[in-house]
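Read the structure below first, then the notes.
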Amino acid sequence: MKRFTSIAIAVGMLATTSLAGAAGNQLTPVKVEGSTQLAAACTPPNDSAICSAWHAVVRANFTPREIGMLFGARTSYPNYGASFDRIQARYNVLQGEFAATHAIEMNAVAAK
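One gets our numbering by counting positions in the sequence shown from 1 and adding 11 to each.
This is how it looks when you write it as structure tokens:
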């Protein structure tokens with residue numbers, strides 16, 4: 012019984028030491044902000060002016076088929092495998108540019 016108690020105490024001390032060491036090595040949390048706020052803030056039924064402008068920009072830069080791939084059932088399109096990554100990259104760039112030029116309006120929409 013004495014031997015079991017000694018092993019339990021040793022394991023407990025090792026676990027405590029490991030946890031204390033791990034707590035000191037924790038990374039600080041990172042707050043990520045970016046163009047994804049626009050997509051989240053402008054999901055329907057939001058009809059604010061900035062969202063209407065964003066929807067108009069999307070319609071002007073993408074075909075209805077590309078919009079269907081971005082926001083609909085993308086795998087139902089035969090050319091999905093060949094072109095989705097390129098369309099998604101174009102959308103991300105456009106979203107970043109729009110967010111950079113309309114940052115103040117976006118923050119007001121996201122705050123609601």
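Glycine included, each C-beta is placed from N, C-alpha and C at the ideal position.
Keep in mind that this is a model prediction, so the values were computed, not measured.
Check, Outcome
"Could you give the C-beta distance for I61 and E77, rounded to a whole number, given that I count them as a contact under 8 Å?", "With 8 Å as the limit, I61 and E77 do not qualify as a contact, their Cβ atoms being about 22 Å apart."
"Could you pull the start and end residues of the alpha helix (DSSP H) that Y102 belongs to?", "91-112"
"How is the alpha helix (DSSP H) around G79 delimited, first residue to last?", "75-82"
"Between L105 and N72, is the Cβ-Cβ spacing less than 8 Å?", "yes"
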